[in-house]
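Be aware that the sequence shown starts at 0, since it is given in numbering that gives the first Met the number 0, and climbs by one per residue. Beta carbons: idealized from backbone N, C-alpha and C, even for Gly. Because the structure is a prediction, the values reported are computed rather than measured. Working notes for the structure below.
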Amino acid sequence: MKKVAWDKISQFEGPEQSPGFLLWQVCTQWRRQMETALTAIGLTHPQFVLLASLGWLTRQDAKVTQIELARHCKTDVNMTSQVLRTLERKGLIERYQLDGDERSKYSQLTEQGVCLIEQAILLVEEIDRNFFAKLPDVKLCAHLLEKLIE
Numbered sequence: 000m001k002k003v004a005w006d007k008i009s010q011f012e013g014p015e016q017s018p019g020f021l022l023w024q025v026c027t028q029w030r031r032q033m034e035t036a037l038t039a040i041g042l043t044h045p046q047f048v049l050l051a052s053l054g055w056l057t058r059q060d061a062k063v064t065q066i067e068l069a070r071h072c073k074t075d076v077n078m079t080s081q082v083l084r085t086l087e088r089k090g091l092i093e094r095y096q097l098d099g100d101e102r103s104k105y106s107q108l109t110e111q112g113v114c115l116i117e118q119a120i121l122l123v124e125e126i127d128r129n130f131f132a133k134l135p136d137v138k139l140c141a142h143l144l145e146k147l148i149e
């Protein structure tokens, strides 16, 4: 059986030195905690992200299109549309056409959506607080993550 020549192809002595592998492990642990908490209140993590972002972006009565929401969340436009349809079926948002253009839809939270997102944000922020408490400087961590997003 042929074996991978790790010492010839990888710059790392092992996966524990690979930032990508470590990031994947951290994301998996964090996401598992998020999904568990959000499932208890009837949301998936993508639903939460889009619902919370919609609430944030429309806090001053702005009309945010699906494309603008997808850009803000760094999500695929088609996936964003599918999740918004699900949120509409759940009664958490209402969707409207912008100037009668079928392709330019915008969404608004319903009262039920506002109540649920307020509950969800408390859960999510508690998980974040506990998860990132191991770090000596959470603000620095957020700054470094922003750099990676750029």
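- Using a Cβ-Cβ cut-off of 6 Å (strictly less than) and excluding sequence neighbours within five positions of V48, which residues of its own chain qualify? C72
- Item | First through last residue of the alpha helix (DSSP H) which encompasses Q24 | P18 to T38
- Task: Taking only the alpha-carbon atoms, compute the straight-line gap between Q16 and V123 and give it to the nearest angstrom.
- Result: 29 Å
- Item | Per-residue burial, M33 [other beta carbons within 10 Å of its own, 16 or more giving buried] | buried
- Message: Suppose only complete runs of 4+ residues qualify. What are the alpha helix (DSSP H) ranges in the region 85-132, listed by chain order?
- Response: 110-131
- Message: Would T109 and I92 be called neighbours here (beta carbons separated by less than 8 Å)?
- Response: yes
- Query: If you run the structure through DSSP and keep just helix, strand and coil, what is T79?
  - Reply: helix
- By the 10 Å Cβ neighbour count, where 16 or more other Cβ atoms means buried, how is G90 classified, buried or exposed? exposed
- Give the C-beta separation of Q59 and K104 to the nearest angstrom, bearing in mind that I take them to be a contact with Cβ-Cβ under 8 Å. Going by Cβ atoms, the distance from Q59 to K104 rounds to 20 Å, so no, they are not a contact pair.
- Task: Evaluate G54 with the Cβ neighbour count: other Cβ atoms within 10 Å of its Cβ, from every protein chain shown; 16 or more gives buried, anything less gives exposed.
- Result: buried
- Task: Inspect the beta-carbon positions of R70 and L83 and report whether they are closer than 8 Å.
- Result: no
- Message: For T64, list the residues DSSP reports as bridge partners.
- Response: Y105
- Task: With DSSP as the reference, label R58 as helix, strand or coil.
- Result: coil
- Task: Determine the DSSP secondary structure at P14, reduced to helix, strand or coil.
- Result: helix
- For S52, collect the residues of the same chain with a Cβ closer than 8 Å to its Cβ; drop the 5 residues on either side in sequence, then sort them by chain order. L68, H71 and C72
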